[in-house]
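Colleague: Structure below; questions to follow.
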Amino acid sequence: MRGIYTPVTDIRRKVFTEVARMAYEVTDKQDIDYLMRELPYEIIPGEERSLRSSIFLERAIVSERIRLAMGLSLRPLDESVSASEGLDNIITADKYYEPPLINVIKYACNKCPEKLIKVTSLCQGCLAHPCQEVCPKKAISFRNGKSHIDQSLCVKCGRCVATCPYNAIVRVERPCAKACGMDAIHSDAYGRAEIDYNKCVSCGMCLVNCPFGAIVDKGQIFQLIQSIKRGDRVIAIVAPAFVNQFPGVTPAKLREAMKLLGFAGISEVAIGADLCTIDEAKDFMEEVPAKHPFMGTSCCPAWSVMAKKLFPEYADCISMTMTPMVLTARLIKKDDKNARICFIGPCAAKKLEASRRSVRSEVDFVLTFEELMGLFEAKEIDFSSLPDDPTDNFDEASGDGRGFAVSGGVAQAVVNVIKKLDPTREVKVASAQGLADCRKMMMMAKAGKYNGYLLEGMGCPGGCIAGAGTLADPARSAAMLAKYKAQAPMSNPLDTPYRENLEALKY
Numbered sequence: 002m003r004g005i006y007t008p009v010t011d012i013r014r015k016v017f018t019e020v021a022r023m024a025y026e027v028t029d030k031q032d033i034d035y036l037m038r039e040l041p042y043e044i045i046p047g048e049e050r051s052l053r054s055s056i057f058l059e060r061a062i063v064s065e066r067i068r069l070a071m072g073l074s075l076r077p078l079d080e081s082v083s084a085s086e087g088l089d090n091i092i093t094a095d096k097y098y099e100p101p102l103i104n105v106i107k108y109a110c111n112k113c114p115e116k117l118i119k120v121t122s123l124c125q126g127c128l129a130h131p132c133q134e135v136c137p138k139k140a141i142s143f144r145n146g147k148s149h150i151d152q153s154l155c156v157k158c159g160r161c162v163a164t165c166p167y168n169a170i171v172r173v174e175r176p177c178a179k180a181c182g183m184d185a186i187h188s189d190a191y192g193r194a195e196i197d198y199n200k201c202v203s204c205g206m207c208l209v210n211c212p213f214g215a216i217v218d219k220g221q222i223f224q225l226i227q228s229i230k231r232g233d234r235v236i237a238i239v240a241p242a243f244v245n246q247f248p249g250v251t252p253a254k255l256r257e258a259m260k261l262l263g264f265a266g267i268s269e270v271a272i273g274a275d276l277c278t279i280d281e282a283k284d285f286m287e288e289v290p291a292k293h294p295f296m297g298t299s300c301c302p303a304w305s306v307m308a309k310k311l312f313p314e315y316a317d318c319i320s321m322t323m324t325p326m327v328l329t330a331r332l333i334k335k336d337d338k339n340a341r342i343c344f345i346g347p348c349a350a351k352k353l354e355a356s357r358r359s360v361r362s363e364v365d366f367v368l369t370f371e372e373l374m375g376l377f378e379a380k381e382i383d384f385s386s387l388p389d390d391p392t393d394n395f396d397e398a399s400g401d402g403r404g405f406a407v408s409g410g411v412a413q414a415v416v417n418v419i420k421k422l423d424p425t426r427e428v429k430v431a432s433a434q435g436l437a438d439c440r441k442m443m444m445m446a447k448a449g450k451y452n453g454y455l456l457e458g459m460g461c462p463g464g465c466i467a468g469a470g471t472l473a474d475p476a477r478s479a480a481m482l483a484k485y486k487a488q489a490p491m492s493n494p495l496d497t498p499y500r501e502n503l504e505a506l507k508y
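Numbering (this note's numbering), first residue to last: 2 to 508.
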């Protein structure tokens, strides 16, 4: 549903905007406490419901969204807890994270069926009744001239769905569970969605595919703004997937807008992508097949965690190269030790990656593009009025580094570097987008089908341009990214001026 401004999108945007506005304008704890209780009435005004069964339910859900956007946890359903419970913990200018990252607001869930084969009103009661003939469990009969499925017998094989000439039989599945490539979502005792956090890798695909807006990730908006207000030198590092996320925004306009938000500077993460490419290319040349049968790329945290979680015997086959986010952060802090780094990108899983002990000291905050839009709206930034100097572009990364944002781009960048280092080396590539397909790719690798291959996994279908924190239509973003790649000052990552820093960043 990215690129479509739905009522769910509208609520999310309003929550991010109001949390950002509160963080910028309010300092006193008592005022924050008051606003946390009052904001649901501003976001959902009036006396009549508009989206849910009651206006009280709408406001209760918004209240939970506000808490999560500020980094707080969901309140328990079986006891009375203040909307500002835990406020003392989050009024900080430092990162605050308490797991889990992805949360289900239970009373916002529609209790969708997990899997169901259903006959619709389109059934014509045809004489051939092929649905009945192909059913292996004899679960289909005719009642009042229409097909009827006995759910106690149905095994959801889908043969009736495929054979109905009127497309009158449909497969209904919980959207969040269908989008989850880890099979981490099931129903609780009341039929509501529940996440198995032993399986979840926080890709956020359930979040963007829930049409009821019941699944929400935690944010760091409030803490980031506290850091800016404290006077910290906060540098924004922006993923190349920013292209097309903010209408009419060029690199120059984005730089100006970030200054208005209080950031001290901005760099593109494609710089780190160049260094990541070089490191992965060298690792592949040295280790495949000498040490490992294949090598998987490392830049997508959801994919790499999935591969290591489900295929632990092949954990060493996933590259240990640092991600572009980490490399860019380390590069900046190498020369500016007092800088604080805020990664801004399309990915929910980056919030989890940046909270790992090995990364935490380098990346201080993570915002999605959707959350960043909330900051822009809180500050009432008019992009059309911002100066746009055509010479003030990001000009330190390669086209291949920028191409990391789209599926296939990481592997292609690595191949291009290998070809330049060793023109005689043949590199076979397999890529997958979406965790379900990534799992299939790893199954094939486990079976020996991809020996000698470079495997690229992307947790989101389409790549980073379709991440859980994006705003725009992925297809259009891919087209815009192709143009952005063509404008890069260099094509191959080996041409990066930061190449000599790579070894110094490995600590």
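Note that CB positions come from ideal geometry on N, CA and C, so glycine has one too.
Keep in mind the model is a prediction, meaning the values are calculated, not measured.
Ordered along the chain, which non-local residues of its own chain (more than five positions away) have a Cβ less than 7 Å from that of Glu363?
Modeller: Position 362 of the sequence shown, counted from the first residue, corresponds to residue 363. Cβ within range, chain order: Val327, Ala330, Arg331, Lys334 and Ile342.
Colleague: Apart from the five residues on each side of it in sequence, which residues of its chain come closer than 6 Å, Cβ to Cβ, to Pro241?
Modeller: Within the sequence shown, the letter at position 240 stands for residue 241. Only Ala271, Arg403 and Ala406 meet the Cβ criterion.
Colleague: Under 7 Å Cβ to Cβ from Met23, same chain only, skipping five residues before and after it: list those, please.
Modeller: As a working note, residue 23 is residue 22 in the sequence shown. Answer for Met23: Ile33 and Leu36, listed in chain order.
Colleague: Got a sec? Which residues, its chain only, sit under 8 Å from Arg3 by beta carbon, not counting five neighbours each side?
Modeller: If you number the sequence shown from 1, residue 3 lands on position 2. Answer for Arg3: Val209, Ala467, Thr471, Leu472, Ala473, Asp474 and Pro475, listed in chain order.
Colleague: Assign Ile382 to one of three DSSP states: helix, strand, or coil.
Modeller: What you label residue 382 is simply residue 381 of the sequence shown in a count that begins at 1. Coil at Ile382, not helix or strand.
Colleague: Once the 5 residues before and after Ala340 are set aside, which same chain residues still bring their CB inside 7 Å of it?
Modeller: Counted from its first residue, the sequence shown places residue 340 at position 339. Arg234, Ile236, Ile333 and Lys334.
Colleague: How far does the alpha helix (DSSP H) with Lys310 in it reach, from first residue to last?
Modeller: Indexing the sequence shown from 1 puts residue 310 at position 309. Its alpha helix (DSSP H) spans residues Pro302 to Leu311.
Colleague: Given this structure, state the Cα-to-Cα distance separating Ile62 from Ser188, to the nearest angstrom.
Modeller: Here residue 62 corresponds to residue number 61 of the sequence shown, with the count starting at 1. Here residue 188 corresponds to residue number 187 of the sequence shown, with the count starting at 1. In a straight line, the C-alpha of Ile62 is about 20 Å away from that of Ser188.
Colleague: Are the Cβ atoms of Ala21 and Leu376 separated by less than 8 Å?
Modeller: Within the sequence shown, numbered from 1, the residue matching residue 21 stands at position 20. Within the sequence shown, numbered from 1, the residue matching residue 376 stands at position 375. A contact, by the Cβ cut-off of 8 Å.
Colleague: So, helix, strand or coil for Gln152, using DSSP?
Modeller: Numbered from 1 along the sequence shown, position 151 holds the residue referred to as residue 152. In this structure, Gln152 counts as coil in the three-state DSSP scheme.
Colleague: Taking buried to mean at least 16 other C-beta atoms within 10 Å of its own C-beta, is Asn90 buried or exposed?
Modeller: Here residue 90 refers to the residue found at position 89 of the sequence shown. By the neighbour-count rule (16 or more Cβ atoms within 10 Å), Asn90 is not buried but exposed.
Colleague: What does the Cβ neighbour count give for Glu281, buried or exposed, with the cut at 16 atoms within 10 Å?
Modeller: By 1-based counting over the sequence shown, the position of residue 281 is 280. The residue in question, Glu281, is buried, as its Cβ has 16 or more Cβ neighbours within 10 Å.
Colleague: Once you ignore the five residues that flank Gly409 on each side, which residues in its own chain have a CB closer than 6 Å to its CB?
Modeller: Numbered from 1 along the sequence shown, position 408 holds the residue referred to as residue 409. Answer for Gly409: Ser432, listed in chain order.
Colleague: Would you give the residue range spanned by the alpha helix (DSSP H) that Arg331 belongs to?
Modeller: To locate residue 331, count along the sequence shown from 1; it is residue 330. First-last of the alpha helix (DSSP H) with Arg331: Pro325 to Asp336.
Colleague: Express the C-alpha separation of Leu225 and Leu256 in angstroms, rounding to a whole number.
Modeller: What you label residue 256 is simply residue 255 of the sequence shown in a count that begins at 1. What you label residue 225 is simply residue 224 of the sequence shown in a count that begins at 1. Leu is not the amino acid found at residue 256; the sequence shown has Arg there. Answer to the nearest angstrom: the Cα atoms are 18 Å apart.
Colleague: Mapping DSSP to helix, strand and coil, what is Met2?
Modeller: Here residue 2 refers to the residue found at position 1 of the sequence shown. Met2: coil per DSSP, three-state reduction.
Colleague: With burial defined as no fewer than 16 other Cβ atoms inside 10 Å of the residue's Cβ, what is the status of Gly346: buried or exposed?
Modeller: In the sequence shown, the residue the question calls residue 346 occupies position 345. Classification for Gly346: buried.
Colleague: Please name the residue or residues paired with Gly266 in a DSSP beta bridge.
Modeller: Numbered from its first residue, the sequence shown carries residue 266 at position 265. Partner(s): Ile236.
Colleague: Gly435 and Gly47: beta carbons closer than 8 Å?
Modeller: Against the sequence shown, residue 435 aligns to sequence position 434. Against the sequence shown, residue 47 aligns to sequence position 46. Not closer than 8 Å, so no.
Colleague: Taking the alpha carbon of Thr28 as the reference point, which residue from Tyr454, Met374 and Ser228 has its own alpha carbon closest?
Modeller: Residue numbering aside, residue 28 sits at position 27 when the sequence shown is read from its first letter. When each option's Cα is compared against that of Thr28, the closest is Ser228.
Colleague: Can you give me the C-alpha to C-alpha distance between Ala274 and Ile267, rounded to a whole angstrom?
Modeller: Numbered from its first residue, the sequence shown carries residue 274 at position 273. Numbered from its first residue, the sequence shown carries residue 267 at position 266. Looking at the two C-alpha atoms, the distance is approximately 16 Å.
Colleague: When you compare the region 154–165 with the region 287–307, are there three or more beta-carbon pairs, one atom per stretch, that lie closer than 8 Å?
Modeller: Not touching, per the Cβ criterion.
Colleague: Given a threshold of 16 other Cβ atoms within 10 Å of its Cβ, counted over all protein chains shown, does Asn452 qualify as buried or as exposed?
Modeller: Position 451 of the sequence shown, counting from 1, holds the residue named residue 452. So Asn452 counts as exposed.
Colleague: Please state whether DSSP places Leu52 in a helix, a strand or coil.
Modeller: As a working mapping, residue 52 is identified with position 51 in the sequence shown. Here Leu52 sits in coil by DSSP.
Colleague: So what does DSSP say about Ala21, is it helix, strand or coil?
Modeller: The residue given as residue 21 occupies position 20 in the sequence shown. Helix, per DSSP.
Colleague: Identify every residue that forms a DSSP beta bridge with Leu117.
Modeller: By one-based count along the sequence shown, residue 117 stands at place 116. Its beta-bridge partners are Val173.
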